[in-house]
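S.K.:
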Amino acid sequence: MHPEAPSDEPPQRLSWSGMTHVGRVRKNNEDAFLALTYNDREVRYLGKTGEAGFEQGDFVFAVSDGMGGANAGEFASRIAVERLTRLMPRIYRLAAQNLSGGVCDALEEIFHHVHAELCKLGRSYAECSGMGATLSLAAFSPGWMHFGHVGDSRIYYLPATGGMRQITHDHSYVGWLRRQGQLNEREARVHPRKNVLNQALGAGHQIVTPQFGSVGCEPGDRFLLCTDGVIDGLWDSRLEEFATQPCDQPKAFRIVEAAVAESGRDNSTALLVEFPG
Numbered sequence: 117m118h119p120e121a122p123s124d125e126p127p128q129r130l131s132w133s134g135m136t137h138v139g140r141v142r143k144n145n146e147d148a149f150l151a152l153t154y155n156d157r158e159v160r161y162l163g164k165t166g167e168a169g170f171e172q173g174d175f176v177f178a179v180s181d182g183m184g185g186a187n188a189g190e191f192a193s194r195i196a197v198e199r200l201t202r203l204m205p206r207i208y209r210l211a212a213q214n215l216s217g218g219v220c221d222a223l224e225e226i227f228h229h230v231h232a233e234l235c236k237l238g239r240s241y242a243e244c245s246g247m248g249a250t251l252s253l254a255a256f257s258p259g260w261m262h263f264g265h266v267g268d269s270r271i272y273y274l275p276a277t278g279g280m281r282q283i284t285h286d287h288s289y290v291g292w293l294r295r296q297g298q299l300n301e302r303e304a305r306v307h308p309r310k311n312v313l314n315q316a317l318g319a320g321h322q323i324v325t326p327q328f329g330s331v332g333c334e335p336g337d338r339f340l341l342c343t344d345g346v347i348d349g350l351w352d353s354r355l356e357e358f359a360t361q362p363c364d365q366p367k368a369f370r371i372v373e374a375a376v377a378e379s380g381r382d383n384s385t386a387l388l389v390e391f392p393g
């Protein structure tokens, strides 16, 4: 994706909310989400909700959906998000130098590092055989959102000017059909192969080609990260409505609760990042 130039006065603060729910069918939650602030020296975990500025560092938010037998999927998603923390200070140094290409290269290194680790565990331990995870990550520095993605979790961009667009590709046959214009949203949601991935971290895949890109950030912009359990429950139009309309609870909480109420067949996780208008 080609970067879009940030505004002359990029937003100086952001707010976020994040929630994960096991759903109404499954016994364990194989989803995980991550909210961090970091600089060139340290990484700090953030709570489920908050607001902060860029004075002390940048931010990263990520969602991951694990897969595998027994508890392997739960373990895989946790590994995917935890391994990010060790490598984020390098991202900060590159972003501080306005090296967008360098940031995407560093994100690529992170994704391949996690992929290699999950593959190694899958080969080494019988209970981890086939273990894998999706990963959708958004790193925020003043004026920019750099992202990396593999799998069928999603990142949506909701610009201040209105509308919503999915900026990540679903790494599945159904996702490819939709990008080719051969399926609409309704047809994709009921397709018998909608949950079959052709790319994920680990999961026995020899090679992965994650998607990377950058988006310039303006005041009033929003970004929604979510796993496929949310998408199974809510149409894009409902996601846009919940992400933009004021409510009396954190918006990510409302999105997940609505998705579980509508479907609940899978774990559901959402992270919403907002820049004040």
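Residue numbers (the numbering used here): 117 to 393. All residues carry an ideal CB built from backbone N, CA and C; glycine is no exception. Remember, predicted model here, so these are calculated numbers, not experimental data.
1) So for Asp174, helix, strand or coil by DSSP?
2) If you count every other CB in all the chains shown that lies within 10 Å of the CB of Ile371, and 16 or more means buried, which is it?
3) To which residues of the same chain is Val361 closer than 6 angstroms at the C-beta, ignoring the five residues directly before and after it?
4) Within the continuous alpha helix (DSSP H) that includes Tyr208, where are the two ends?
5) Please report the distance separating the alpha-carbon of Gln172 from that of Arg157.
6) Any contact of the stretch 315-322 with the stretch 244-257, i.e. 3+ C-beta pairs under 8 angstroms?
7) Of the residues Arg239, Gly184 and Ala255, which one's Cα is nearest the Cα of Ala211?
8) On a Cα-Cα basis, can you pick out the residue from Trp260, Gly349 and Glu303 that is closest to Asp337?
9) Whose C-alpha, out of Ser245, Thr284, Arg206 and Ala276, is nearest the C-alpha of Phe263?
10) Under 8 angstroms, with one C-beta from each stretch per pair, do the stretch 174-194 and the stretch 141-160 reach the 3-pair mark?
11) Kindly say whether Ser288, judged by its beta-carbon, lies nearer than 8 angstroms to any beta-carbon of chain D.
12) Run through DSSP, which three-state label would Met117 get?
13) To test your reading of the DSSP string, which unbroken alpha helix (DSSP H) runs of 4 or more residues are found completely within the stretch 130-205?
14) Thinking just about the alpha-carbon of each residue, which of Ile226, Leu274, Phe170 and Ala304 is nearest to the one in Leu200?
15) Assuming Val389 contacts Phe339 under a Cβ cut-off of 8 angstroms, what Cβ separation, rounded to an integer in Å, is found between them?
16) In the DSSP assignment, what are the bridge partners of Arg338?
17) For Thr343, does the three-state DSSP call read helix, strand or coil?
18) Could you name the residues of the same chain whose beta carbon sits closer than 6 angstroms to that of Ala242, not counting the 5 residues immediately before and after it, in chain order?
19) Can you give me the C-alpha to C-alpha distance between His231 and Arg160, rounded to a whole angstrom?
20) With distances taken between CB atoms, is the gap from Gln128 to Gly169 smaller than 8 angstroms?
21) Count the other CB atoms, across all protein chains shown, that sit within 10 Å of the CB of Cys220; report buried if there are 16 or more and exposed otherwise.
22) Between the Cα of Gly291 and the Cα atoms of Gly139, Pro392 and Pro308, which residue gives the shortest distance?
M.R.: Judging by the given coordinates:
1) To locate residue 174, count along the sequence shown from 1; it is residue 58. DSSP, reduced to helix, strand and coil, places Asp174 within a strand of the structure shown.
2) Taking the first residue of the sequence shown as 1, we reach residue 371 at position 255. By the 10 Å Cβ count, Ile371 comes out buried.
3) Here residue 361 refers to the residue found at position 245 of the sequence shown. It should be pointed out that residue 361 corresponds to Gln in this sequence rather than to Val. Contacts found: none.
4) Stepping through the sequence shown from its first residue, residue 208 is reached at position 92. Met204 to Ala212 is the extent of the alpha helix (DSSP H) around Tyr208.
5) As a position in the sequence shown, residue 172 is number 56, starting the count at 1. As a position in the sequence shown, residue 157 is number 41, starting the count at 1. Roughly 11 angstroms between the two C-alpha positions.
6) At 8 angstroms Cβ cutoff, the stretches touch.
7) By one-based count along the sequence shown, residue 211 stands at place 95. When Arg239, Gly184 and Ala255 are compared, the shortest CA-CA separation from Ala211 is found for Ala255.
8) Translated into positions along the sequence shown, residue 337 becomes position 221. The shortest C-alpha separation from Asp337 is found at Trp260.
9) Along the sequence shown, read from residue 1 onward, the residue named residue 263 stands at position 147. Answer by Cα proximity: Thr284.
10) yes
11) The chain inventory of the structure shown lacks chain D, comprising one protein chain alone.
12) Numbered from its first residue, the sequence shown carries residue 117 at position 1. Residue placement at Met117 is poorly supported in this model, since its pLDDT is 47, which falls under 50; the coordinates are not used for a value here.
13) Listed in chain order, they are 188-200.
14) The residue given as residue 200 occupies position 84 in the sequence shown. The shortest C-alpha separation from Leu200 is found at Ile226.
15) Taking the sequence shown and counting its residues from 1, one reaches residue 389 at position 273. Taking the sequence shown and counting its residues from 1, one reaches residue 339 at position 223. That belief holds up - the Cβ atoms of Val389 and Phe339 are roughly 5 angstroms apart, short of 8 angstroms.
16) Against the sequence shown, residue 338 aligns to sequence position 222. BP columns for Arg338 point to Leu274 and Glu390.
17) Against the sequence shown, residue 343 aligns to sequence position 227. Looking at Thr343 - three-state DSSP - the assignment turns out to be coil, as it is neither helix nor strand.
18) The sequence position of residue 242 within the sequence shown is 126, counting from 1. Correct list: empty, nothing qualifies.
19) Residue numbering aside, residue 231 sits at position 115 when the sequence shown is read from its first letter. Residue numbering aside, residue 160 sits at position 44 when the sequence shown is read from its first letter. Those two C-alpha atoms are separated by around 24 angstroms.
20) Reading the sequence shown from its first residue, position 12 is the one you call residue 128. Reading the sequence shown from its first residue, position 53 is the one you call residue 169. Yes. Within cutoff.
21) Taking the first residue of the sequence shown as 1, we reach residue 220 at position 104. With 16 or more Cβ atoms within 10 Å of its Cβ, Cys220 is classed as buried.
22) On the sequence shown, position 175 is the one that residue 291 refers to. Its Cα nearest to that of Gly291, the residue Pro308 stands out among Gly139, Pro392 and Pro308.
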